[in-house]
Amino acid sequence: MTRWAMVADLRRCVGCQTCTAACKHANGTPPGVQWRRVLDMETGHYPDVRRAFVPVGCMHCDAPPCRDVCPSTATRKRADGIVTIDYDLCIGCSYCAVACPYQARHKTDRASFAYGGGPSPAEAARFDEGRLAVATKCTFCVDRIDAGLEKGLTPGIDPEATPACVTSCIAGALHFGDVEDPASNVSRLLAENRHFRMHEELGTGPGFYYLWD
Amino acid sequence: MDRIAPWLQTNWDHRAAGNFIGGGTGSGLAIFAAASELAGGNPPRAAYVLAALFIVAGLSLVWLEIGRPWRFLHVFFNPQTSWMTREALIAPPLLIALAAAAWHGGAALAAVAALLALAFVYCQARMLRGSMGIPAWREPLIVPLALATGLAEGAGVLLALAIVAGAAPSRFVLILALLSLVARWIAWAAYCRHLARRGAPTATRQALQAIDLQVLVLGTIAPIALIAAALGFADYAGPIALAAGVLGLAAGWLIKDTILTRAAFNQGFAVPHLARLGAVGSDSSTRPGWS
Chain A
0 MTRWAMVADL RRCVGCQTCT AACKHANGTP PGVQWRRVLD METGHYPDVR RAFVPVGCMH
60 CDAPPCRDVC PSTATRKRAD GIVTIDYDLC IGCSYCAVAC PYQARHKTDR ASFAYGGGPS
120 PAEAARFDEG RLAVATKCTF CVDRIDAGLE KGLTPGIDPE ATPACVTSCI AGALHFGDVE
180 DPASNVSRLL AENRHFRMHE ELGTGPGFYY LWD
Chain B
0 MDRIAPWLQT NWDHRAAGNF IGGGTGSGLA IFAAASELAG GNPPRAAYVL AALFIVAGLS
60 LVWLEIGRPW RFLHVFFNPQ TSWMTREALI APPLLIALAA AAWHGGAALA AVAALLALAF
120 VYCQARMLRG SMGIPAWREP LIVPLALATG LAEGAGVLLA LAIVAGAAPS RFVLILALLS
180 LVARWIAWAA YCRHLARRGA PTATRQALQA IDLQVLVLGT IAPIALIAAA LGFADYAGPI
240 ALAAGVLGLA AGWLIKDTIL TRAAFNQGFA VPHLARLGAV GSDSSTRPGW S
């Protein structure tokens with residue numbers, strides 16, 4: 000059984016936001032909506048101060064609270080662990096958004112574009128009216144994964160079959176793969192490094208791991 | 000600046016709060032009117048009509064808030080796990096039962112309406128409990144609080160209705176109203192205490208603390224004192240009960256509006272271990288905005 004997951008190496012992330020930009024380009028999200036964000040977290044007091052760059056987004060949880068609350072069944076979880084939204088079913092009630100402890104869901108009621116009233120050619124090519132007034136979020140670039148698998152490619156290894164954020168990462172901080180396969184890239188990383196998942200105490204079983212030591 | 004510490008959710012606004020206010024008040028009113036009728040009283044039939052209007056008003060506000068209102072039938076698709084679907088499924092038979100109780104009268108119809116109303120307000124309470132992203136809502140004691148305040152609000156409306164209908168409320172209704180106010184205070188205090196013990200965003204606790212005194216004095220002690228006075232001075236029971244009802248109702252609406260809009264800070268982000276990028280010292284973590 001396959002379980003797609005993402006791994007972020009906090010020792011490598013430099014907070015350049017290239018993954019954020021790549022996600023926006025690949026998915027055509029409107030201004031203000033970032034399916035992949037990188038938090039800039041500072042802790043401590045001078046002179047003992049630390050800074051961490053923490054990529055966040057939909058965690059594609061094992062037990063996604065967004066799916067359980069969804070009244071329309073628009074939110075579903077695939078057998079490979081990817082949590083999806085059917086934009087044709089979603090009623091835009093935002094119940095999933097308040098159920099998500101990772102603030103990963105967005106709803107945009109009106110079309111908006113980065114440079115004023117009209118869309119740029121890239122935005123026009125990716126604009127989808129079906130995504131207005133409904134919930135949206137990171138899909139792990141599921142279309143790239145599915146298309147890549149059909150071609151016999153390996154997500155996480157072959158860039159064409161890998162989420163755009165991972166492919167674009169300049170520091171090699173983001174990784175993607177099958178955590179159920181003990182020989183996969185992500186399984187090896189998790190076996191060799193100490194890691195955590197965010198808000199693990201809530202029992203959602205996030206499919207997003209952070210390496211820290 | 001990145002949002003890291005919990006921030007106020009804006010997905011559900013006053014319209015959503017209106018659903019919980021209307022649904023709770025309407026359900027509480029239906030339950031108390033039925034209880035009065037089952038106890039041999041003669042509550043005004045308008046109570047059932049008003050209960051239905053409260054519930055319809057609440058649901059209408061939600062309909063105005065959803066992004067794709069013409070897909071509203073999709074709300075019925077997930078009774079397996081969604082309390083929103085369950086709420087929606089109970090609403091039609093509840094409204095029919097309320098209409099029947101108002102039109103036909105009788106204890107049996109009133110009892111059916113009351114049971115459905117109880118189920119409806121329970122669904123609303125579980126909807127909040129299921130909102131894992133909002134610590135103030137997912138707190139388990141939100142369920143008894145939502146039930147208790149719904150009953151207290153319904154009692155408040157029933158007390159006010161009595162004088163509108165030209166009669167003083169019965170001792171039975173006055174005692175039920177008094178008990179509902181006590182129950183709400185217990186539920187409110189337990190909810191706040193439990194939330195503080197389990198941990199909540201600092202801003203959530205501040206928002207709840209900001210209304211604590213009003214809930215205690217104006218929403219609990221004052222209406223209880225007024226109800227006690229109404230029980231002692233039967234000649235003035237009507238106007239005194241009206242004042243008690245309005246205070247009890249207003250406090251319930253204040254509690255819900257606060258929890259739904261002003262205390263609804265999300266989970267924020269937290270990192271239990273920070274990477275050691277050449278730093279000297281022990282492992283550290285960060286969870287901004289929590290206390």
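Keeping their order, the protein sequence lines are chains A and B. Take numbering that gives the first Met the number 0: the last position of the first sequence gets the number 212, and nothing is skipped along the way. Take numbering that gives the first Met the number 0: the last position of the second sequence gets the number 290, and nothing is skipped along the way. We put the beta carbon where it would ideally sit given N, CA and C, even for glycine.
Using a beta-carbon distance below 8 angstroms, is residue i in contact with chain A?
i	result
arginine 70 of chain B	yes
isoleucine 133 of chain B	yes
tryptophan 11 of chain B	yes
threonine 203 of chain B	no
histidine 272 of chain B	yes
histidine 103 of chain B	no
alanine 90 of chain B	no
Cβ of residue i less than 8 angstroms from any chain B Cβ?
i	result
histidine 59 of chain A	no
cysteine 140 of chain A	no
tyrosine 94 of chain A	yes
valine 32 of chain A	no
methionine 5 of chain A	no
histidine 44 of chain A	no
aspartate 127 of chain A	no
glutamine 16 of chain A	no
Residues in its own chain within less than 8 angstroms of residue i by CB, not counting five upstream and five downstream?
i	result
isoleucine 185 of chain B	Ala147
arginine 130 of chain A	Tyr86 and Thr107
alanine 160 of chain A	Arg143, Ile144, Ala146, Gly147, Leu148, Lys150, Leu152, Thr153 and Pro154
May I have the straight-line CA-CA distance separating residue i from residue j, to the nearest angstrom?
i	j	result
histidine 103 of chain B	alanine 98 of chain A	42 angstroms
arginine 286 of chain B	phenylalanine 53 of chain B	41 angstroms
cysteine 140 of chain A	proline 154 of chain A	10 angstroms
arginine 204 of chain B	tryptophan 6 of chain B	13 angstroms
lysine 76 of chain A	isoleucine 90 of chain A	18 angstroms
alanine 96 of chain A	lysine 23 of chain A	20 angstroms
valine 279 of chain B	cysteine 12 of chain A	Note that valine 279 of chain B scores 49 on pLDDT, short of 50, meaning its location in the model is unreliable and no value can be drawn from it.
threonine 107 of chain A	leucine 173 of chain B	48 angstroms
leucine 152 of chain A	proline 158 of chain A	9 angstroms
leucine 175 of chain B	leucine 88 of chain B	29 angstroms
alanine 170 of chain A	proline 64 of chain A	32 angstroms
phenylalanine 31 of chain B	alanine 124 of chain B	18 angstroms
glycine 43 of chain A	glutamine 266 of chain B	21 angstroms
threonine 72 of chain A	threonine 166 of chain A	31 angstroms
valine 111 of chain B	alanine 98 of chain B	11 angstroms
tyrosine 235 of chain B	leucine 178 of chain B	21 angstroms
alanine 46 of chain B	glycine 22 of chain B	14 angstroms
cysteine 191 of chain B	leucine 127 of chain B	15 angstroms
leucine 189 of chain A	serine 290 of chain B	31 angstroms
For a quick check, are the C-beta atoms of residue i and residue j less than 8 angstroms apart?
i	j	result
cysteine 122 of chain B	tryptophan 62 of chain B	no
valine 27 of chain A	glutamate 122 of chain A	According to the sequence shown, residue 27 of chain A is glycine rather than valine. Against a cut-off of 8 angstroms, the Cβ pair of glutamate 122 of chain A and glycine 27 of chain A comes out as a contact.
aspartate 79 of chain A	threonine 1 of chain A	yes
proline 62 of chain A	glycine 206 of chain A	With the sequence shown as reference, residue 62 of chain A is identified as alanine, and proline is not the correct amino acid for it. Cβ atoms of alanine 62 of chain A and glycine 206 of chain A: not closer than 8 angstroms.
phenylalanine 171 of chain B	serine 26 of chain B	no
alanine 167 of chain B	alanine 159 of chain B	no
arginine 187 of chain A	tryptophan 211 of chain A	no
cysteine 168 of chain A	glycine 56 of chain A	no
phenylalanine 112 of chain A	proline 118 of chain A	yes
Ordered along the chain, which non-local residues of its own chain (more than five positions away) have a Cβ less than 7 angstroms from that of residue i?
i	result
methionine 0 of chain B	Unreliable positioning characterises methionine 0 of chain B in this predicted model, as indicated by a pLDDT of 44, which lies under 50. The coordinate reading is nonetheless provided below. Contacts found: none.
alanine 172 of chain A	Ala7, Asp8, Arg11 and Cys12
threonine 9 of chain B	none
leucine 115 of chain B	Ile89, Pro92, Leu93 and Ala96
leucine 217 of chain B	Leu246 and Ala250
glycine 193 of chain B	What sits at residue 193 of chain B in the sequence shown is histidine, not glycine. Cβ neighbours of histidine 193 of chain B beyond the five flanking positions: Glu138 and Leu140.
Just to confirm my understanding: we take residue i, look at its own chain, exclude 5 residues before and 5 after, and list those with CB closer than 6 angstroms. What are they?
i	result
leucine 60 of chain B	Arg14, Gly17 and Asn18
glycine 176 of chain A	Gly155, Ser183, Asn184 and Val185
isoleucine 239 of chain B	Leu225, Ala228 and Ala229
Ranges of the alpha helix (DSSP H) found wholly within the segment 198-251 of chain B, counting only runs of at least 4: Secondary structure within the segment 198-251 of chain B: the alpha helix (DSSP H) runs of 4 or more consecutive residues, fully enclosed, are 201-215 and 221-231 (chain order).
Contact list for the segment 104-131 of chain A against chain E, Cβ threshold 7 angstroms: In the structure shown, chain E does not exist; the protein chains are A and B.
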